[in-house]
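Heads up: the structure comes next, in structure tokens.
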Amino acid sequence: MPPAATIVGMGRSFDELVAEAEAAPVDGWGFAWLEGRATEQRPSWGYARAMARRLAEATAALDIQTGGGEVLAEAPTFPPTMVAIESWPPNVARAAERLHPRGAVVVATSDEPPLPFTDAAFDLVTSRHPATVWWAEIARVLRPGGTYFAQHVGPGTMWELVEYFLGPQPEAKLARHPDRESAEARAVGLEVVDRRCERLRAEFHDVGAVVYFLRKVVWTVPGFTVAAHRERLRELHDRIEREGTFVAHSTRTLFEARKP
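Here it is, written out as structure tokens:
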């Protein structure tokens with residue numbers, strides 16, 4: 486989400502805000518629509534810049550779950566072989582439009598392993614906010630000495646939103662824990678050489694921002710629809726009107742793992 490904003494949704498009706506957010510396109514992996522409606526702190530490590538430095542030194546790289554290619558496109562230099570994969574058709578089209586002119590190959594894939602590449606095909610594999618991490622496949626397609634560099638969504642992300650709509654979820658809150666992910670990486674033979682985790686503040690300034698976010702980041706509240714959650718949304722609108730904002734928190738984990 487945007488790191489800072491001038492609030493634009495104040496004073497508008499519940500029905501107007503929700504209808505606008507329902508109609509907004511959610512393809513791609515950019516969050517520009519939330520400008521002026523929501524803010525989220527950024528991790529201190531600067532993932533896109535760090536990824537770009539590694540891409541500049543690589544010979545063959547794979548970006549997993551690239552979305553519309555927005556983050557990958559920030560890198561000024563691609564290696565001689567640059568491949569991006571994505572499963573959602575609207576995102577595949579946007580990624581191809583953005584990345585093909587720079588010589589990158591965009592591959593449409595399923596949401597299930599295996600990755601459609603031969604063993605030891607890449608010396609760098611990257612991913613920003615993968616929905617799932619296929620550690621065994623990442624290890625398989627990495628060359629010896631190759632690196633997996635990624636920013637993961639950490640445990641308890643946006644949990645205030647999750648529990649507002651779904652109620653207490655104590656078991657699910659432990660998912661994506663960095664200790665568990667590190668153990669999974671080591672189990673397939675990767676060496677974790679760097680791991681950092683930060684908790685970050687997010688603010689939603691109108692109910693439309695919440696609707697848009699939940700439509701786009703679909704795993705936050707699985708099965709979310711405006712129709713199914715309209716009364717809770719109306720209550721949330723009233724709360725934001727009273728308090729000025731709805732505060733949630735995300736966690737992010739930076740991973741760097743190497744194949745011996």
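For the sequence shown, the residue numbers in the working numbering are 486 to 745. Just so you know, even glycine gets a beta-carbon here, dropped at the ideal spot from N, CA and C.
Relative to the Cα of residue 504, the nearest Cα in the group 597, 544, 696 belongs to 696.
Distances from the CA of residue 559 to each of 707, 710, 584, 632 were compared; the closest alpha carbon is that of 584. Under the three-pair Cβ rule at 8 Å, the region 709 to 716 does not count as touching the region 614 to 626. The continuous alpha helix (DSSP H) containing residue 623 extends over residues 620 to 626. For the alpha helix (DSSP H) assignment, the uninterrupted runs of no fewer than 4 residues enclosed by the region 547 to 589 are, from N- to C-terminal side, 574 to 584. Judged by beta-carbon spacing, residue 563 lies within the 8 Å limit of residue 588, meaning their Cβ atoms are closer than that value. In the three-state reduction of the DSSP assignment, residue 673 falls in the coil class. At the C-beta level, residue 731 and residue 689 come within 8 Å of one another. By the neighbour-count criterion, in which a residue is buried when 16 or more other Cβ atoms sit within 10 angstroms of its Cβ, residue 640 is buried. Ranking 686, 693, 711, 733 by CA distance to the CA of residue 528 puts 686 first. Beyond the five residues adjoining it in sequence on each side, residue 595 comes within less than 7 Å, by CB distance, of 572 in the same chain, given in chain order. Each residue's CA atom was taken as its position, placing residue 609 and residue 513 some 23 Å apart. Between residue 647 and residue 736, the C-beta gap is not smaller than 8 Å, which leaves the two residues out of contact.
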